[in-house]
Amino acid sequence: MRDVSGLSFFTAARKRGVSALRVLAIGLTLALAACGSRVELFSAANESEANEVLSVLLDAGISAQKAVTKTGVAVSVDGQQVARALDILRARGLPRERFDGMGQIFRKEGLVSSPLEERARYIYALSQELTNTLSQMDGVLAARVHVVLPERGGVGENTTPSTAAVFIKHQAGYNLDALQPQIRKLVTHAIPGLTEDRVSIALVSAQPAAGQPAGGAMRQVLGIEVADGSSGVLTAWLVALALLVVALAGAVGWLLWRYGAPVRAKAERREPAGEVR
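The numbering of the sequence shown is the numbering used here, which starts it at 14 and goes up by one.
In structure tokens, the structure reads:
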């Protein structure tokens, strides 16, 4: 009876060990799959725009990849780095806003536009062209140009002079105040009837995100947020720990099999003798 009970104990223990190994293997597989999943973050029509986004993400320690798709060029990142990647791109003003040119705004559509519609299109086109030009300056994250043109009045009527308001949000560390004369001259020469004293410029420096750590970039490894420079060390320790658990589970399973087999064989040899009695 002791042999039979010992056999039952070792058999049950071995089954539990095998079940534990299966659960561990499934857990490791799911964890590795979660780490390896990638999310498409950005899709561009041209490769130069995708290269700019890719360069910024790689410089920040984000594992970004570029791939050519049917609609253009896509940039993907690790699923656990999406939030941080979006914050980095937002702080750098990427992806850049697309602007409509004169040709797109005034393209022929088969309908006759009214003078009011033509005027609105013209003002919008001026604003878009100037905004696009100012956005090419180094350090500019966002730009807006609001244009006011005088309406044609009757003979002898006083007309309101043209005015323009320029808003520029730039990265911290860029001194755009020294470029105000050039910006004012650029806008003045682009809008008819505008003088430099009728151009107002507002320069705003971007502030860092409230949740941005002061010690440097952070990265998530299996849901644990660590410094970007320590992510490799933590990953290596986690892999070593997983291998150690697998080795210990295998050793326990081997011991159960090694010492359970003689008991099972001994019980099988004694079972016929018990039946004869």
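The C-beta atom is built at its ideal place from N, Cα and C for all residues, glycine as well.
query: In terms of residue numbering, what span does the alpha helix (DSSP H) encompassing Thr146 cover?
result: For Thr146, the enclosing alpha helix (DSSP H) stretches over residues Pro128 to Ser148.
query: Considering only residues of the same chain and omitting the five flanking positions on each side of Ala203, which have a CB-CB separation below 6 Å?
result: Residues Leu143 of the same chain have their beta carbon placed closer than 6 Å to that of Ala203, with the five preceding and five following residues left out of the count.
message: Could you give the first and the last residue of the continuous alpha helix (DSSP H) run that contains Ser68?
response: Judged by DSSP secondary structure, Ser68 falls within the alpha helix (DSSP H) whose first and last residues are Glu60 to Asp72.
- prompt: Exposed or buried, Glu110, counting other C-beta atoms within 10 Å across all chains shown (16 or more means buried)?
  reply: Exposed: under 16 other Cβ atoms inside 10 Å.
field: As assigned by DSSP and simplified to three states, the class of Ile204
entry: Ile204: coil per DSSP, three-state reduction.
- prompt: What does DSSP give as the partner residues of Arg51 in its beta bridges?
  reply: Its beta-bridge partners are Asp91.
Simplified DSSP state of Glu75, which is helix, strand or coil: As written in the sequence, residue 75 is Ile, which differs from the Glu given in the question. If DSSP states are grouped into helix, strand and coil, Ile75 belongs with coil.
task: Answer with buried or exposed for Asp91, where buried requires no fewer than 16 other C-beta atoms within 10 angstroms of its C-beta.
output: Residue burial annotation: Asp91 is buried, with at least 16 other C-beta atoms found within 10 angstroms of its C-beta.
- prompt: Less than 7 Å between the CB of Val95 and some heavy atom of the ligand HEM, yes or no?
  reply: The ligand HEM is absent from the structure shown, which contains no ligand whatsoever.
task: Can you give me the Cβ contacts of Leu162 inside the same chain, cut-off strictly under 7 Å, excluding the 5 residues immediately before and after it?
output: For Leu162, where only same-chain residues beyond five positions count, the Cβ hits under 7 Å are Ile136 and Ser175.
message: Would Ala77 and Val88 qualify as a contact pair, given that the criterion is a beta-carbon distance under 8 Å?
response: Val88 sits close to Ala77, with the two beta carbons spaced by under 8 Å.
task: Measure the beta-carbon distance from Ala177 to Leu207 and round it to whole angstroms, keeping in mind my assumption that it falls under 8 Å.
output: The pair is a contact, with the Cβ atoms about 6 Å apart (cut-off 8 Å).
- prompt: To which residues of the same chain is Ser320 closer than 6 Å at the C-beta, ignoring the five residues directly before and after it?
  reply: Past the boundaries of the shown model lies residue 320; the chain is included only from 14 to 290, so the question cannot be answered.
message: DSSP three-state label for Lys198, please.
response: Lys198 falls in the helix class under three-state DSSP.
field: Endpoints, beta strand (DSSP E) assigned at Arg157
entry: First-last of the beta strand (DSSP E) with Arg157: Val153 to Val161.
task: May I ask you to report which of helix, strand or coil DSSP gives Ala216?
output: A small correction: the amino acid at residue 216 is Leu; Ala does not occupy that position in the sequence shown. Strand.
message: Quick check on this structure: which residue in Asp100, Ala191 and Lys182 has the alpha carbon closest to the alpha carbon of Ser296?
response: Past the edges of the chain, shown from 14 to 290, lies residue 296, and the structure says nothing about it.
- request: Look up Thr176 in the DSSP assignment and give the residues it is bridged to.
  value: Paired residues: Val161.
query: Is Ile75 closer than 8 Å to Gln93 when the C-beta atoms are compared?
result: No; because the gap between Cβ atoms is not below 8 Å, this pair is not in contact.
query: Residues bridged to Lys83 by DSSP?
result: Its beta-bridge partners do not exist; DSSP assigns none.
- prompt: From Thr82, Asp72, Leu102 and Arg51, pick the residue whose C-alpha is nearest to that of Ala57; which is it?
  reply: Of the listed residues, the one whose Cα sits closest to Ala57 is Thr82.
query: Just to confirm, are Ile101 and Leu67 a CB contact at a threshold of 8 Å?
result: No, the pair does not count as a contact, with Cβ atoms beyond the cut-off.
query: Where DSSP assigns a beta bridge to Ile181, which residues make up the other side?
result: Paired residue(s): Ala156 and Leu216.
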